[in-house]
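Engineer: So that we are looking at the same thing, I have put the structure below in structure tokens.
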Amino acid sequence: MTTIRTSHAGSLPRTEALIAANRARRDEDTGAEAFDELLTESVVDIVARQRALGITEPNDGEYGHAMAADFDYGAWWHYSFARTGGLSLSEQGLWEQPAVRSQPGQVRLTSFGDRRDRQLFPGVYSDPAGGADTGEQPDFPKVTGPISYTGHEQVARDIRNVTAGLEQAGYEVSRGFLNSLSPGSASRIANEHYETEEELIWAFADVLREEYLAITEAGLIVQIDDPSIAENFDQINPEPSYEDYRAFTQIRVEALNYALRGIDPQQVRFHTCWGSWHGPHVTDLPFAEIVDLVLSINAAGITFEAANVRHEHEWRIWEDTTLPDGKYIIPGIVSHATNVVEHPELVADRIERFARLVGPDNVVASTDCGLGGRVHPEIAVAKLEALARGAEIAGSRL
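Under our numbering, the first residue of the sequence shown carries the number 405, and numbering increases by one thereafter.
Laid out in structure tokens, this is it:
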């Protein structure tokens, strides 16, 4: 029987106790020590639960990210604001900024609220009952001075917690991962200090490299979260040519590879998606247009959406795309975009598609994106159970 490895994209549902403890810590000057103890216990518990569910490549559920102090943020992106010096809160959020227009050869990101998918479905995105994310966001920071990495204590805490969880659950430490932001995604905030956008991207490469090094030097895998590499396409008006978009994206790939220089690619996973918000997503970029750029990143593991209905058909690109030696794919096999729990037989079918094209040893069955905040905690557990069961079925067939 072939063993199919299993994982997920990173974020897992937080417990009510952890959310309440963090809220109390922010609202009061006391309780930090008690919160840190609960955070450690919670991470140890979530790693153990992943073991029980059959996940072979676990993480800390991004619990440490959700609990970043100073900024009241809990998302995959926002946590970094509390770990970066040179930022100040902006009076104007990214969703309220004026629309920006691009020209051929001069691609520029517009505001988040001016996305083309939102413009095509204004009623859906403005209606809380429409089934799509409405775009409500907390305040964002802006760059007002030279940026620097200030998250040394936080990342050290995350490393200690997940390492303790891995050891207690019986995992090899080298199988665990921690999520970290990419320079291209981090740089999508207002800039009042650097002369150009490119200069800001390269500055973030230097800043985030410190986090990448801390994680990998501890013997863990770092997962670079970079939905922007595909998601940015929807945030450009009018729609750019693929050629212009690739040139726009190439700078971000080069900056990330610079930040990863000297790090063993086997200790790096790269995650891309199309924003993962609930919505129509009809303006998403075809994965085939950037898959070669993704494969040029100095990461052995490549994670991408492959289960949601807008991108499931793209498994066929691996019929014509050669997976380079030393790389493996981590396709989404269960989706965060639906409350319906995938049947294990369907999970097995999806896994087999990829395994027969790139080899079962080069496939890690995963989730499209983070499950935390996207589906109910009970559904998240059921999806991971279905993922593990489907992997067993696929392994027996292969």
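Ideal Cβ positions, reconstructed from N, Cα and C, are used throughout, including at glycine.
What would DSSP say about S584, mapped onto helix, strand or coil?
Structural biologist: Numbered from its first residue, the sequence shown carries residue 584 at position 180. The answer is strand: DSSP assigns S584 an E or B state.
Engineer: Give every residue of the same chain whose Cβ lies closer than 8 Å to the Cβ of N565, excluding the five residues on either side of it in the sequence, and list them in chain order.
Structural biologist: If you number the sequence shown from 1, residue 565 lands on position 161. Cβ within range, chain order: L443, T444, V447, V448, D464, Y467, G468.
Engineer: Just how far apart, CA to CA, sit Y646 and E693?
Structural biologist: Counting from 1 along the sequence shown, the entry for residue 646 is found at position 242. Counting from 1 along the sequence shown, the entry for residue 693 is found at position 289. Rounded to whole angstroms, Y646 and E693 show a C-alpha spacing of 7 Å.
Engineer: So, at 6 Å on beta carbons, what are the nonlocal neighbours of G777 in its own chain, with the 5 sequence-adjacent residues on each side left out?
Structural biologist: Here the question's residue 777 lines up with position 373 in the sequence shown. If we look at G777 and ignore the five residues flanking it on each side, it has no Cβ neighbours.
Engineer: Could you check what DSSP says for F525 in three-state terms: helix, strand or coil?
Structural biologist: For the purposes of this step, residue 525 is taken as residue 121 along the sequence shown, with counting starting at 1. Residue state, collapsed to three classes: coil.
Engineer: What ranges does the alpha helix (DSSP H) occupy inside the region 545-590, keeping only unbroken runs of at least 4 residues that lie completely in it?
Structural biologist: 556-573, 587-590
Engineer: Out of W678, I783, N702, point me to the one whose CA is closest to F708's CA.
Structural biologist: Here residue 708 corresponds to residue number 304 of the sequence shown, with the count starting at 1. Comparing Cα positions, the closest option is W678.
Engineer: For H675, write down the residues that DSSP places opposite it in a beta bridge.
Structural biologist: As a first step, residue 675 must be located in the sequence shown, where it is residue number 271. Note: H675 sits in a beta bridge opposite D629, T707.
Engineer: Which residue's Cα is closest to the Cα of H740: E756, W719, E746, D772?
Structural biologist: The sequence position of residue 740 within the sequence shown is 336, counting from 1. Comparing Cα positions, the closest option is D772.
Engineer: DSSP on N743, reduced to helix/strand/coil?
Structural biologist: Position 339 of the sequence shown, counting from 1, holds the residue named residue 743. Three-state DSSP puts N743 in coil, outside helix and strand.
Engineer: Rounded to whole angstroms, what is the Cα-Cα separation between A424 and D440?
Structural biologist: Position 20 of the sequence shown holds residue 424. Position 36 of the sequence shown holds residue 440. Spanning the two alpha carbons is a distance of roughly 13 Å.
Engineer: So, with DSSP's three-state summary, where would you put Q501?
Structural biologist: The residue you call residue 501 lines up with position 97 of the sequence shown. Of the three classes helix, strand and coil, the one that applies to Q501 here is coil, per DSSP.
Engineer: Anyone know if the C-beta pair for Q639 and F516 falls short of 8 Å?
Structural biologist: In the sequence shown, the residue the question calls residue 639 occupies position 235. In the sequence shown, the residue the question calls residue 516 occupies position 112. Yes, the Cβ-Cβ distance between Q639 and F516 is below 8 Å.
Engineer: By DSSP, does Y732 sit in helix, in strand, or in coil?
Structural biologist: Reading the sequence shown from its first residue, position 328 is the one you call residue 732. DSSP places Y732 in strand when its eight states are reduced to three.
Engineer: Find out if the Cβ-Cβ distance for the pair I408, G799 is shorter than 8 Å.
Structural biologist: Start at 1 with the first residue of the sequence shown, and residue 408 comes out as number 4. Start at 1 with the first residue of the sequence shown, and residue 799 comes out as number 395. Against a cut-off of 8 Å, the Cβ pair of G799 and I408 comes out as a contact.
Engineer: Ordered along the chain, which non-local residues of its own chain (more than five positions away) have a Cβ less than 7 Å from that of A704?
Structural biologist: For the purposes of this step, residue 704 is taken as residue 300 along the sequence shown, with counting starting at 1. For A704, where only same-chain residues beyond five positions count, the Cβ hits under 7 Å are P669, Q670, V672, G730, K731, Y732.
Engineer: So E596 and V547 are supposed to be a Cβ contact under 8 Å. How far apart are they, rounded?
Structural biologist: One-based indexing of the sequence shown puts residue 596 at position 192. One-based indexing of the sequence shown puts residue 547 at position 143. Confirmed, Cβ separation roughly 6 Å.
Engineer: Just how far apart, CA to CA, sit S591 and W480?
Structural biologist: For the purposes of this step, residue 591 is taken as residue 187 along the sequence shown, with counting starting at 1. For the purposes of this step, residue 480 is taken as residue 76 along the sequence shown, with counting starting at 1. For S591 and W480, the distance between alpha carbons rounds to 14 Å.
Engineer: If we count Cβ pairs, one from each stretch, closer than 8 Å, do we get three or more for the region 520-529 versus the region 620-631?
Structural biologist: no
Engineer: Quick one: what's S492 bridged to in DSSP?
Structural biologist: On the sequence shown, residue 492 is found 88 positions in, with the first residue counted as 1. Answer is K546, bridged to S492.
Engineer: Output the boundary residues of the alpha helix (DSSP H) element that contains R800.
Structural biologist: Position 396 of the sequence shown, counting from 1, holds the residue named residue 800. Note on residue identity: the sequence assigns Ser, not Arg, to residue 800. Segment 781-801, the alpha helix (DSSP H) holding S800.
Engineer: Would you mind stating whether N636 and L513 have Cβ atoms separated by less than 8 Å?
Structural biologist: To locate residue 636, count along the sequence shown from 1; it is residue 232. To locate residue 513, count along the sequence shown from 1; it is residue 109. It is a contact, given that the beta carbons lie within the stated cut-off.
Engineer: Among H556, E718, E658, whose alpha-carbon lies nearest the alpha-carbon of W606?
Structural biologist: Translated into positions along the sequence shown, residue 606 becomes position 202. When each option's Cα is compared against that of W606, the closest is E658.
Engineer: Does T771 come out as helix, strand or coil in the three-state DSSP assignment?
Structural biologist: Here residue 771 corresponds to residue number 367 of the sequence shown, with the count starting at 1. Strand.
Engineer: So what does DSSP say about R387, is it helix, strand or coil?
Structural biologist: Shown here, the chain extends from 405 to 802; a query on residue 387 therefore has no answer.
Engineer: How would you write the range of the alpha helix (DSSP H) that N661 sits in, first residue to last?
Structural biologist: Locating residue 661 in the sequence shown gives position 257, where the first residue counts as 1. Residues 646-663.
Engineer: State the Cα-Cα distance for the pair E796 and R760, rounded to the nearest angstrom.
Structural biologist: Along the sequence shown, one-based indexing puts residue 796 at 392. Along the sequence shown, one-based indexing puts residue 760 at 356. Whole-angstrom Cα-Cα distance: 16 Å.
Engineer: Using 8 Å as the threshold, is the C-beta distance between P684 and V528 below it?
Structural biologist: Taking the sequence shown and counting its residues from 1, one reaches residue 684 at position 280. Taking the sequence shown and counting its residues from 1, one reaches residue 528 at position 124. Yes, they are a contact pair.
Engineer: When burial is assigned at 16 or more other CB atoms within 10 Å of the CB, is T600 buried or exposed?
Structural biologist: Here residue 600 refers to the residue found at position 196 when the sequence shown is read from its first residue. T600 is exposed by the Cβ-count criterion.
Engineer: Given a cut-off of 8 Å on the beta-carbon distance, is the pair T554 and R487 in contact?
Structural biologist: On the sequence shown, position 150 is the one that residue 554 refers to. On the sequence shown, position 83 is the one that residue 487 refers to. A contact, by the Cβ cut-off of 8 Å.
Engineer: Going along the chain, which residues of its own chain have a beta-carbon closer than 7 Å to the beta-carbon of I701, five neighbours each way excluded?
Structural biologist: In the sequence shown, residue 701 corresponds to position 297, counting from 1. In its chain, beyond the 5 residues on either side, V657, L660, N661, F674 have a beta carbon closer than 7 Å to the beta carbon of I701.
Engineer: Closest by CA to Q654, which one among E718, D696, G666, P508?
Structural biologist: Here residue 654 refers to the residue found at position 250 when the sequence shown is read from its first residue. Cα-wise, what sits closest to Q654 is D696.
Engineer: For Q507, which beta-bridge partners are listed by DSSP?
Structural biologist: Along the sequence shown, read from residue 1 onward, the residue named residue 507 stands at position 103. According to DSSP, Q507 bridges with Q510.
Engineer: Kindly indicate which residue of F608, D724, E557 has the alpha-carbon position closest to the one of I619.
Structural biologist: If you number the sequence shown from 1, residue 619 lands on position 215. Cα-wise, what sits closest to I619 is E557.
Engineer: Let's test the definition: count the other Cβ atoms within 10 Å of the Cβ of N766 and tell me whether it reaches 16, buried, or not, exposed.
Structural biologist: As a first step, residue 766 must be located in the sequence shown, where it is residue number 362. So N766 counts as buried.
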